[in-house]
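Down below is the structure, laid out as structure tokens.
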Amino acid sequence: RRSGQQRGSVSARARARPSVGVQVLRATEAGTDDRSARAGRGGSANGRSGADGRVRRTARVGRGKLGGVEAGGDGVETGGMQEQDREKLERLCPWIAIEVVPNGVDLDYFKPGEIEQDKASLVFTGSMDWHPNEDAVLYFCNHIFPLIRAELPEPAFYIVGGSPSERVLNLQKLDGVIVTGLVEDVRPYIANASVYVVPLRVGGGTRLKILQALAMKKAVVSTSIGAEGLGLQPDVHILVADEPQDFAASA
Numbered sequence: 003r004r005s006g007q008q009r010g011s012v013s014a015r016a017r018a019r020p021s022v023g024v025q026v027l028r029a030t031e032a033g034t035d036d037r038s039a040r041a042g043r044g045g046s047a048n049g050r051s052g053a054d055g056r057v058r059r060t061a062r063v064g065r066g067k068l069g070g071v072e073a074g075g076d077g078v079e080t081g082g083m084q085e086q087d088r089e090k091l092e093r094l095c096p097w098i099a100i101e102v103v104p105n106g107v108d109l110d111y112f113k114p115g116e117i118e119q120d121k122a123s124l125v126f127t128g129s130m131d132w133h134p135n136e137d138a139v140l141y142f143c144n145h146i147f148p149l150i151r152a153e154l155p156e157p158a159f160y161i162v163g164g165s166p167s168e169r170v171l172n173l174q175k176l177d178g179v180i181v182t183g184l185v186e187d188v189r190p191y192i193a194n195a196s197v198y199v200v201p202l203r204v205g206g207g208t209r210l211k212i213l214q215a216l217a218m219k220k221a222v223v224s225t226s227i228g229a230e231g232l233g234l235q236p237d238v239h240i241l242v243a244d245e246p247q248d249f250a251a252s253a
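Here our numbering is used: the first residue of the sequence shown is 3, the next is one more, and so on.
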């Protein structure tokens, strides 16, 4: 974070450019992968984690595009930020003062369930009409899940989220893969699983789904990209693996 002196200089630059119509942005570190999630209610899986990824604050700063932030003729849209996004935006628009608000999760809503856990069940939740989520489940089913089933033939993999594409629906032809489509509540699916997987390979922002799973005391295995921006320690809070064999062994 910036020192008070640095913050003051940024604010001074902002005040010095009134003709640009700059506002101070308080951008939440909401997961861009959940900005249109329909696996449950609201902008993140159930609308209960941190801030809604669809909340936007605007400032007229010209044109450009970076990570989870888009600058157009009418201004900057923040659809979810992490520290790296803030640094990029500050380089592009140094007269804007930006705060990154840490993620949070509703611990009264996402808590360990009373449903008996299936020791042979894995789960991924998220809107299936967002490319990074679609890519993640395709990658997992084609390159990681077969390795798991080669060792343990019983596991089931639940893909929970609205608007699955035809390619995602076709994954049901694989043994052990279940595609639920839109569900009213993701919590029973998370509670039932022994492992929550986040095999994301592309995308920006942060994944509130990981905080939801951890709040429900689930073991989480993620790629490095999937765990970005949360400040989690590998092998302490979460298992991180980027190669199929390593991911399968961790799961």
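Beta carbons are placed, not taken as given, at the ideal position from N, Cα and C, and that holds for glycine.
- V185 sits away from P166, with the two beta carbons spaced by 7 Å or more.
- Measuring C-alpha to C-alpha distances from V204 to each of E136, Y191, E85, V238 identifies E136 as the nearest.
- Within the stretch 78-132, complete beta strand (DSSP E) segments of at least 3 residues are found at 100-103, 123-127, given in chain order.
- Of all alpha-carbon atoms in A152, M218, Y141, the one lying nearest the alpha-carbon of I161 is that of Y141.
- Counting only the Cα atoms, C95 lies some 49 Å from K175.
- Counting the other Cβ atoms within 10 Å of the Cβ of E116 gives fewer than 16, which makes it exposed.
- The alpha carbon of Y191 has as its nearest neighbour, out of M218, I98, F249, the alpha carbon of M218.
- Nearest in C-alpha terms to K211, of all of L232, V103, L149, is L232.
- The distance from the Cβ of V200 to that of R209 is about 6 Å, consistent with a contact at the 8 Å cut-off.
- Secondary structure at S224: strand, using DSSP grouped into helix, strand and coil.
- With respect to the 7 Å criterion, L149 and V197 are not classified as neighbours on the basis of their beta carbons.
- Contact annotation, N105 with L213: C-beta distance approximately 6 Å; criterion of less than 8 Å satisfied.
- Judged by DSSP in its simplified three-state form, L216 adopts helix.
- At a Cβ-Cβ threshold of 7 Å, L241 and S252 count as neighbours.
- Ranking Y111, A99, M130, A221 by CA distance to the CA of R169 puts M130 first.
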